[in-house]
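Protein chains in written order, with our numbering: chain A, 1 to 349; chain B, 1 to 400.
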């Protein structure tokens with residue numbers, strides 16, 4: 001199953017929402033990267049926006065820009081992936097339940113706390129009655145949404161499928177995840193993430209949407225040629241070979257591998273092993289020093305790969321080794337907390 | 001590739017009216033609702049708001065499942081129903097098939113997170129992390145998949161109160177697309193202070209037992225539970241030593257696009273979901289023998305759903321009822337639980353009663369069934385699940 005990526009819109013800790021493609025890199029000191037929010041006036045009525053949480057606003061803006069860039073008014077389906085959902089509203093409502101001992105609560109935070117709020121609000125703003133779904137499966141929430149999108153296209157059930165990954169990093173989660181040991185103990189410069197591997201990574205967030213189609217169109221960014229999610233794979237190298245072979249490719253056909261390296265010693269072990277084995281002769285790039293680690297970060301990697309292929313330029317800042325001039329085939333390999341691995345094959349059109 | 005049939009080979013359910021399928025059938029026949037006072041949650045709403053609790057404590061659920069005590073009630077309920085469904089299907093040599101677990105829930109490990117947050121709010125360095133570690137919706141699914149030994153596809157859907165109907169439709173599509181041979185699909189949700197207070201702020205909880213589709217209905221009762229189906233491909237069905245229950249004949253997901261929490265007066269989203277499912281199944285409205293309503297008992301849902309049903313079925317409506325009059329509204333689990341009831345309706349020819357119905361809605365010509373009956377000729381059942389965010393999904397099950 002494959003799809004053409006007609007357009008993509010990205011809100012991330014980098015200046016990714018305009019036309020610029022990673023020429024002005026934003027550096028962060030610390031262990032938390034916050035999304036750079038655009039002006040929302042163009043996308044959301046300011047009166048409504050005041051009541052919306054960060055992730056809802058980011059989601060709507062990215063979705064609307066993606067549709068505008070793809071020149072589509074009403075998508076055939078809206079599918080989102082999010083691990084934490086509308087966690088700001090969830091934390092707010094939970095806090096009030098406890099602090100006010102269940103008395104005199106206002107419904108607003110509860111109403112907007114459901115995981116499907118971003119997809120629902122997009123449908124509401126567009127008056128779109130079509131297929132609408134939200135996947136909430138940890139570090140492969142975005143991949144789950146993409147899988148559904150590819151199936152819909154394959155079934156001819158829908159075209160112009162809008163699919164996105166959204167997650168916000170709120171203070172309570174940041175604190176809890178820090179206590180759980182996900183992040184580094186010492187602040188670092190985000191661009192030094194891979195210099196000295198230590199325990200922990202840096203946190204990130206974002207909202208990134210794609211418009212997928214089963215037919216090509218003149219301005220397509222790239223083709224999503226293959227997608228595979230693996231749960232606790234025994235032999236990831238073998239699985240990558242099998243995935244490529246399912247797509248009639250060998251490792252030598254790859255021009256670039258984008259990995260989910262995040263600076264955590266244990267997390268990155270598998271990427272080093274692969275870089276020294278099957279990917280020995282393939283240029284390798286990384287992206288989490290730009291957007292941070294978060295459950296749907298592969299949406300950033302897909303945005304990156306699609307833009308590399310469309311613009312025929314590889315930002316220097318992502319390269320780990322080697323150089324690439326005119327890439328045509330990019331493999332994205334990510335894993336989340338060493339349980340779920342995902343592989344995405346992205347091709348030039 | 002598409003157009004292949006998807007069969008239902010097993011069912012499993014736990015709710016306020018039983019811990020397994022047999023207990024549910026007995027409660028239905030005795031017309032015994034599972035609604036009553038709150039006994040498990042520590043909340044100011046005890047003795048004020050009736051709920052439909054599963055009649056097992058967390059300790060009893062832990063003992064039954066063998067899972068650790070810090071695991072969310074949502075996970076415990078899920079494992080019980082999913083295990084029953086797999087045992088019921090008794091698929092020979094299941095290891096040789098590509099098997100998936102597609103589960104849904106809405107508030108994940110919120111019951112444990114609520115305990116954690118009490119300490120966390122006094123000091124951000126406090127609160128036992130094990131109670132929040134599995135907060136994510138996907139954690140529930142992952143823990144149960146590990147217990148069931150499922151690895152090929154594991155994913156979680158959350159579209160509010162239509163969540164598990166979408167999980168079942170998605171599982172059916174995965175089989176039709178040749179991605180899976182066997183899928184355990186449905187959903188789970190446990191009662192939490194979060195949802196109880198949330199629905200209470202919206203003023204849609206009835207202080208009495210709920211009265212779906214009644215003129216004097218005053219809201220829903222919160223419930224909890226889990227329900228799962230085992231969906232299989234034609235190839236797997238051929239290896240079963242028995243006939244499958246029925247097939248998944250149609251499914252459609254539409255969005256009402258009207259309001260974040262309210263349904264449109266004409267029920268546009270539900271109309272599109274039902275008509276889409278009919279179209280996909282190749283059936284006419286007149287072919288439907290029983291409708292398992294979403295029927296929450298809120299003034300808004302029932303008039304909206306009723307309006308859509310009237311538009312589709314006119315004056316020739318098939319028998320219909322809301323089993324939420326027994327189980328309460330189990331949120332993300334309701335689509336899965338009611339899919340189990342729909343499958344059993346075909347198997348045993350059951351029409352479930354809509355308890356406590358007295359007065360028809362003044363503006364709609366709809367009279368739900370009020371008496372239990374079995375042995376009826378039921379070939380096609382329509383099951384509705386609608387949720388916040390305008391998410392509307394209808395499923396159709398047909399005799400195989």
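Backbone N, C-alpha and C fix where the C-beta goes; we use that ideal spot for every residue, glycine too.
In this structure the stretch 129 to 140 of chain B lies against the stretch 59 to 79 of chain B, because at least three pairs of beta carbons, one per stretch, are closer than 8 Å. Collapsing the DSSP output to three states places residue 307 of chain B in a helix. It is roughly 42 Å from the alpha-carbon of residue 175 of chain B to the alpha-carbon of residue 42 of chain A. Out of A:53, A:109, A:215, the CA that lies nearest to the CA of residue 1 of chain A is found in A:215.
For residue 254 of chain B, the closest C-alpha among the options B:162, B:228, B:262 is that of B:162. Here residue 172 of chain B is buried: its Cβ has 16 or more other Cβ atoms, across all protein chains shown, within 10 Å. Distance from the CA atom of residue 180 of chain A to the CA atom of residue 134 of chain B, rounded to whole angstroms, is 12 Å. Residue-level contact check: residue 64 of chain B does not touch chain A, since none of the beta carbons of chain A fall below 8 Å from its beta carbon.
Taking 9 Å as the upper bound on Cβ-Cβ separation, chain B lies near residues 123, 124, 125, 126, 127, 128, 129, 130, 131, 132, 133, 134, 135, 136, 137, 138, 139, 140 of the stretch 123 to 140 of chain A. Residue 167 of chain A sits in a strand when the DSSP states are folded into three classes. The Cβ atoms of residue 106 of chain B and residue 189 of chain B sit closer than 8 Å to each other. With respect to chain A, the C-beta atom of residue 194 of chain B has a partner C-beta closer than 8 Å.
Note that the stretch 112 to 127 of chain B does not touch the stretch 346 to 366 of chain B; fewer than 3 beta-carbon pairs, one per stretch, sit closer than 8 Å.
Any Cβ of chain A closer than 8 Å to the Cβ of residue 306 of chain B would place that residue at the interface, and such an atom is absent. Distance from the CA atom of residue 38 of chain A to the CA atom of residue 48 of chain A, rounded to whole angstroms, is 16 Å. When DSSP assignments are scanned along the stretch 229 to 295 of chain B, the uninterrupted stretches of alpha helix (DSSP H) that are 4 or more residues long and fall wholly within it turn out to be 234 to 237, 268 to 281.
Note that the C-beta distance between residue 225 of chain B and residue 330 of chain B is below 8 Å. Residues 207 of the same chain have their beta carbon placed closer than 8 Å to that of residue 48 of chain B, with the five preceding and five following residues left out of the count. Those residues of the stretch 202 to 220 of chain A placed with their C-beta closer than 8 Å to a C-beta in chain B do not exist. Cβ contact annotation for residue 39 of chain B (same chain, cutoff 7 Å, sequence separation greater than five): 53, in chain order.
For residue 118 of chain B, the C-beta contacts it makes with chain A under 8 Å involve 98, in order along the chain.
Residue burial annotation: residue 362 of chain B is exposed, with fewer than 16 other C-beta atoms found within 10 angstroms of its C-beta. Excluding sequence positions up to five before and after residue 142 of chain B, its CB lies within less than 8 Å of the CB of 154, all in the same chain and listed in chain order. For residue 238 of chain A, the enclosing alpha helix (DSSP H) starts and ends at 236 to 246. The DSSP assignment places complete beta strand (DSSP E) segments of no fewer than 3 residues inside the stretch 198 to 241 of chain A at 206 to 213, 222 to 231, in order along the chain.
Neighbours of residue 19 of chain A in chain B, taken as residues whose beta carbon is under 7 Å from its own, are absent, since the nearest beta carbon is some 31 Å off. When C-beta atoms of the stretch 53 to 71 of chain A are compared with those of the stretch 82 to 98 of chain A, three or more pairs fall below 8 Å, so the two segments count as touching. Assigned with DSSP and collapsed to three states, residue 340 of chain A falls in strand. Here residue 188 of chain A is buried: its Cβ has 16 or more other Cβ atoms, across all protein chains shown, within 10 Å.
Between the alpha carbons of residue 41 of chain B and residue 192 of chain B lies a distance of about 7 Å. Between residue 36 of chain B and residue 27 of chain B, the gap from beta carbon to beta carbon reaches 8 Å or more. Cα atoms of residue 399 of chain B and residue 59 of chain B: separation of roughly 40 Å, rounded to the nearest angstrom. Checking the DSSP bridge columns, you'll see residue 30 of chain A partnered with A:188.
Exposure of residue 322 of chain A is indicated by the presence of fewer than 16 other C-beta atoms within 10 angstroms of its C-beta. Within the stretch 121 to 140 of chain B, those residues whose Cβ lies closer than 9 Å to any Cβ of chain A are, in chain order, 121, 124, 125, 127, 129, 132, 133, 135, 136, 137, 138, 139. Each residue's CA atom was taken as its position, placing residue 206 of chain A and residue 372 of chain B some 52 Å apart.
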